[in-house]
């Protein structure tokens with residue numbers, strides 16, 4: 228298992244060295260560890276998809292990326308994970324499927340905690356110490372678009388993390404798309420379940436629905452987890468009604484969850500752990 232520290236600093240290497248060596252001298256950072264480049268060049272390096280030295284123009288070629296697939300999930304951590312918890316994570320990563328698995332831990336705090344949850348759509352602010360990206364990858368050429376054993380592994384990792392992450396709701400990051408949380412049926416205009424909405428956007432979800440209802444009432448712009456207009460959330464059958472104004476600070480109340488068959492979904496790789 229490889230553990231690394233990877234960062235993007237918006238500034239010059241000299242200033243970065245001064246800051247890091249003053250605050251984290253234990254890292255022993257040297258100028259040789261730093262690569263100065265434009266922001267678009269950093270996309271190639273941090274993405275770790277294309278060969279070193281590739282031109283940014285390769286990002287415009289949809290066929291250039293390897294045919295690699297991923298199943299991803301996310302969690303927010305509010306309390307430090309115990310040593311026993313970390314040892315359990317290590318054990319899950321000792322399984323054979325984990326050879327294609329990875330985690331990113333993105334530290335929070337600082338400016339992130341200063342912005343109120345309701346300031347913009349993104350609500351995950353004060354109280355979170357880091358975000359976990361959980362993912363597994365496989366070769367589409369060799370295995371195909373769906374790999375059940377890899378998907379089972381990342382779901383097992385996600386279950387293991389349950390005691391150590393946010394609760395009521397168990398929050399998630401919208402840009403790490405996870406269809407296990409639920410999805411819209413984009414083939415119909417009938418009422419939709421939004422079990423994922425509060426996990427991604429917390430109490431901002433209602434406001435997002437209001438905006439969507441005003442600017443795109445016909446739901447022309449949509450995907451499997453897009454914000455639906457209000458009329459797609461309400462239904463004359465009370466057993467299928469989502470009461471948009473009856474949630475508390477932490478969770479939606481009176482939500483009817485429709486049982487439906489989940490698909491084994493995949494998505495093209497957009498970033499690497």
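Numbering (our numbering), first residue to last: 228 to 500. Ideal Cβ placement from N, Cα and C applies to all residues, glycine included.
Which two residues bound the contiguous beta strand (DSSP E) that contains residue 301? The residue labelled residue 301 in the question sits at position 74 within the chain shown. First-last of the beta strand (DSSP E) with residue 301: 295-304.
Residue interval of the alpha helix (DSSP H) (run including residue 316): In the chain shown, the residue the question calls residue 316 occupies position 89. Note, residue 316: alpha helix (DSSP H), 310-319.
Quick one, which of 300, 297, 298 and 281 has its alpha-carbon nearest residue 291's? Your numbering for residue 291 matches position 64 in the chain shown. Ranking 300, 297, 298 and 281 by Cα distance to residue 291 puts 281 first.
When the Cβ atoms of the region 349-368 are set against those of the region 294-311, are three or more pairs found closer than 8 Å? yes
Length of the line joining the Cα atoms of residue 252 and residue 330: Along the chain shown, one-based indexing puts residue 252 at 25. Along the chain shown, one-based indexing puts residue 330 at 103. Inter-residue distance for residue 252 and residue 330 is about 25 Å (C-alpha atoms, whole angstroms).
Give the range of the alpha helix (DSSP H) segment to which residue 245 is assigned. Here residue 245 corresponds to residue number 18 of the chain shown, with the count starting at 1. From DSSP, the alpha helix (DSSP H) with residue 245 extends over 240-250.
Within the chosen definition, does the region 429-439 reach the region 381-393 through at least 3 CB pairs nearer than 8 Å? no
Leaving aside the five residues before and after residue 258 along the sequence, list all residues of the same chain whose C-beta is less than 7 Å from its C-beta, in chain order. Position 31 of the chain shown holds residue 258. Taken in chain order, the residues that qualify are 240 and 244.
Residue interval of the alpha helix (DSSP H) (run including residue 271): Within the chain shown, the letter at position 44 stands for residue 271. Per DSSP, residue 271 belongs to the alpha helix (DSSP H) from 266-274.
Could you tell me which residues DSSP puts in a beta bridge with residue 361? One-based indexing of the chain shown puts residue 361 at position 134. Residue pairing of residue 361 in beta bridges, as defined by DSSP: 300 and 330.
Could you check whether the region 403-413 touches the region 300-309, counting it as contact only if at least three pairs of C-beta atoms, one from each stretch, sit closer than 8 Å? yes
Measure from the alpha carbon of residue 256 to the alpha carbon of each residue in 265, 246 and 380, then state which is nearest. On the chain shown, residue 256 is found 29 positions in, with the first residue counted as 1. The option with the nearest alpha carbon to residue 256 is 246.
With a Cβ-Cβ cutoff of 8 Å, do residue 392 and residue 304 count as a contact? Mapped onto the chain shown, residue 392 falls at position 165. Mapped onto the chain shown, residue 304 falls at position 77. Yes.
Put residue 288 into one of helix, strand or coil per three-state DSSP. Stepping through the chain shown from its first residue, residue 288 is reached at position 61. In the structure shown, residue 288 sits in coil (DSSP, three-state: anything other than H, G, I, E or B).
Would you call the region 315-334 and the region 343-362 in contact, with 3 or more CB pairs under 8 Å? yes
At what residues does the alpha helix (DSSP H) containing residue 441 begin and finish? Numbered from its first residue, the chain shown carries residue 441 at position 214. Note, residue 441: alpha helix (DSSP H), 432-442.
Could you give the DSSP three-state label for residue 405: helix, strand or coil? Here residue 405 corresponds to residue number 178 of the chain shown, with the count starting at 1. In this structure, residue 405 counts as coil in the three-state DSSP scheme.
Cα-Cα separation between residue 317 and residue 390, rounded to whole angstroms: Against the chain shown, residue 317 aligns to sequence position 90. Against the chain shown, residue 390 aligns to sequence position 163. For residue 317 and residue 390, the distance between alpha carbons rounds to 16 Å.
Might you give, ordered along the chain, the residues of its own chain that have their beta carbon closer than 7 Å to the beta carbon of residue 499, omitting 5 neighbours on each side? Counted from its first residue, the chain shown places residue 499 at position 272. Because residue 499 carries a pLDDT of 32, less than 50, the predicted location of this residue cannot be relied on, and the following value inherits that uncertainty. The answer, listed in chain order, is 274, 275 and 276.
Residues that DSSP places opposite residue 260 in a beta bridge: Position 33 of the chain shown, counting from 1, holds the residue named residue 260. Bridge partners of residue 260: none, in fact.
Can you tell me whether residue 271 is buried or exposed? The criterion is at least 16 other CB atoms within 10 Å of its CB, across all chains shown. Taking the first residue of the chain shown as 1, we reach residue 271 at position 44. Buried: at least 16 other Cβ atoms inside 10 Å.
On a Cα-Cα basis, can you pick out the residue from 369, 446, 452 and 440 that is closest to residue 403? On the chain shown, position 176 is the one that residue 403 refers to. Nearest option by C-alpha distance: 452.
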